[in-house]
Structure formats: C-alpha cells, structure tokens
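Visitor: Everything in the sequence shown is counted per our numbering, starting at 1082 for the first residue and increasing by one.
Heads up, the beta-carbon is just placed ideally off N, CA and C, and yes, glycines get one too.
Note that the coordinates shown come from a computational prediction; the quantities given were computed from them, not determined experimentally.
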Amino acid sequence: MQVKKIAGFALVLMMAITARAQELIALNLARNGTYTHSSASKVSIRQTVSGQQTDVSMNVSSTINFTVTGIRDTLYLMEARYTRLAVDMKLPDGNVSYSSDKDNDPMSNLLAMIINKPFDIRMTKKGRITASSGVESLIAGIADSLAGVSDAQKQQLRDQVTKAYGDQALKGSIEMVTALFPDTRVAPGNKWSVRSRLESGLPAAVETIYELKAVTDSSYRIAGSSLIRTENKDEYMPLDKMFVKYDLTGTMLTDIEIDKKTGWIISCAGKQQIAGTAEMKTDAGPSATGMIITMIIKNELTTTR
1082 MQVKKIAGFA
1092 LVLMMAITAR
1102 AQELIALNLA
1112 RNGTYTHSSA
1122 SKVSIRQTVS
1132 GQQTDVSMNV
1142 SSTINFTVTG
1152 IRDTLYLMEA
1162 RYTRLAVDMK
1172 LPDGNVSYSS
1182 DKDNDPMSNL
1192 LAMIINKPFD
1202 IRMTKKGRIT
1212 ASSGVESLIA
1222 GIADSLAGVS
1232 DAQKQQLRDQ
1242 VTKAYGDQAL
1252 KGSIEMVTAL
1262 FPDTRVAPGN
1272 KWSVRSRLES
1282 GLPAAVETIY
1292 ELKAVTDSSY
1302 RIAGSSLIRT
1312 ENKDEYMPLD
1322 KMFVKYDLTG
1332 TMLTDIEIDK
1342 KTGWIISCAG
1352 KQQIAGTAEM
1362 KTDAGPSATG
1372 MIITMIIKNE
1382 LTTTR
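#1: How about the stretch 1275-1294 and the stretch 1249-1264: do they share at least three Cβ pairs that are nearer than 8 Å?
#2: Considering only the beta carbon of each residue, do M1376 and T1363 sit closer than 8 Å?
#3: Whether or not the stretch 1130-1149 and the stretch 1157-1176 are in contact is what I'm after, with contact meaning three or more pairs of Cβ atoms, one per stretch, closer than 8 Å; do they touch?
#4: Return the chain-ordered list of same chain residues with a C-beta closer than 8 Å to the C-beta of K1342, the five sequence neighbours on each side being excluded.
#5: Going by DSSP, what residues sit across from L1156 in a beta bridge?
#6: Would you report the Cα separation of A1100 and T1265, rounded to the nearest angstrom?
#7: Closest to V1130 by CA distance: which of I1374, L1382, G1175 is it?
#8: Quick check: R1386 and T1117, are their CB atoms within less than 8 Å of each other?
#9: Quick check: F1262 and I1106, are their CB atoms within less than 8 Å of each other?
#10: Is P1319 helix, strand or coil by DSSP?
#11: Around the C-beta of L1293, are 16 or more other C-beta atoms found within 10 angstroms, so that it is buried, or is it exposed?
#12: So what does DSSP say about T1292, is it helix, strand or coil?
#13: Alpha carbon to alpha carbon, how far is Q1354 from V1137? Give it in angstroms, no decimals.
#14: Do V1230 and P1187 count as a contact pair if the criterion is CB distance below 8 Å?
#15: With which residues is W1345 paired in a DSSP beta bridge?
#16: By alpha-carbon positions, which one of L1329, L1219, P1284, K1322 ends up nearest to N1197?
#17: Pick helix, strand or coil for T1243, following the three-state DSSP scheme.
#18: Which residue or residues does DSSP assign as beta-bridge partners of L1279?
Shown next, in the form of structure tokens:
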C-alpha cells in the first residue's frame, strides 16, 4: 500500500512539473503602454545580365513606437509613430544616403517630415497586423507639399518611400518578429509552424518552423528556420516604367528573444539568402520579349526594442 501511495504521489508530482513546463507565449501588452521596434537590414544584391555582373548594397533602418490606445477582446488598438528612418545605398554609379536626421535633399526632407506623425495600427494578440491606416496618405501628403520639387520627382519619392515604409512594408517588417506565437502551450524543445508573407517589393510566401530553445526568468529564446518562395511567378508587376516577374527561393535563420511578461521583442538576429531570376520587359503582354536577370540577395536583419 505504501509503495502505491509513493508511486501515486510521484505521478502527481511529475504531472505538476510537466504542466509548469508548458508555456503560453503570446502578446500581453498594457493599455497606454508604449513599445519600441527598431529594425535594420543590411542587404546585398548581385545581379547578372548577359554575363555582366552588378553589385548593389544598402542599409535600411527604422524605429517605430507603438502606443496601445485600447484593447478589444484579442485585438490591440495602437497609435504608431516612426521616430527615425534612414537608407544608405552603394550603387554602381555612386553612393547615396538619406536620413530623417538630415535636411539637405528632398528624400531626407520627406523622411524627416514623417517623423512623429501618428497613424493607426490594429494588431491581434498573436502578433498579426489586421489593419493599418494613415501612413500612406501621410507619405503622399508630405511628398506633394515638398517645395522646389517637380511633380514627376514628387511621384517618384512617394512611390519609393511607400515601398520602403508604407502599409505592406510595415506589416512584413513588424510581423517578422510578432507573428510567431504558437497556438498551444509549448515547452523547451517543442516546434510549431507559422505561415506569413513578405510584402515589400517582392511578394513571397514564408513558412517558418519555430522552436522554443530556452525559458529564463525574464524571456523566451526561440529559433526560426524559414523557407521563402516568391508568389505568382507568372504574373508581371509594374516596376517604375517596366514590368517584372520573379522566380526566387530562399531561406532564413533567426534567433529571437521575447520578453516573458509582455511577449514583445527584445532582440532578433536573422540571416536571409534568396536566389533565382527576374524577368523584366517594357510591355506586360504575352508577345513582348523580356530581359532575364539572375539574382542573389543576402540580408542580415537585426531587431531590438
């Protein structure tokens, strides 16, 4: 009888330990709380056309503050503000640098005027952005107000900044480190799958396997392994005055640390490599001939709070 009691007690104790080991990882943000998302991408692009190789590199960074203005069931209502924007590019014909900290060129002026202007975001407790409004109209309005700039240049600036920092780019950048939560409780060593999309300039489907690597008193350590494939490979998209279609695949590895209390990102480091072809032509019709470009894209990403 005593042996049975000991065995029963050990079983109950084991079940209790197992239950404690299971973690429910999700966003748990506070009303009126402000949460910062700082991201930087170091991108290198190698393009080969008819045997001619061209290398381009750029650094793109942004900092955004999200303030929770309301909570509705599983939805966070947020006011977002960019607090810094910067782009540096090394091109075959020279280098260019734009920043919201500068005021010596139209692009930098536009970026500076975006800073601290509010726009709305709705995000689920699973980290999905369900709606954003105001940022693209903000960009358009500021571009149109620039003095000493031609209408054609205003349109070009608007398109470039929208592509880098507009609704779709914002969604892809933020969800990379927020839309990763499992549907069930997990313990260290458990894995789960999440599907998402890259939106900024290169629409692609992303399937990521995440693994909870460790749990500390203050954070969760998570590793991600992603497979990336461009979508709509037979569909031409407008790009400046050309049309382009992509056939690219790639991978990304990420190491992520999440705040245990809030679920917000502490840090993320990722390495991405994508390769394949792009076909460009002046007419999207089936009879038009295109130019094939072989591409290798490497991207080192970092995110901090």
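Guide: Once the coordinates are examined:
#1: yes
#2: no
#3: yes
#4: N1109, S1299
#5: R1153, T1205
#6: In this prediction, A1100 has a pLDDT of 48, which is less than 50 and means its spatial position is unreliable; what the coordinates show is noted afterwards. Spanning the two alpha carbons is a distance of roughly 13 Å.
#7: I1374
#8: yes
#9: yes
#10: strand
#11: buried
#12: In the sequence as displayed, the identity of residue 1292 is Glu instead of Thr. Strand, per DSSP.
#13: 15 Å
#14: yes
#15: None; W1345 has no bridge partner.
#16: L1219
#17: helix
#18: A1285
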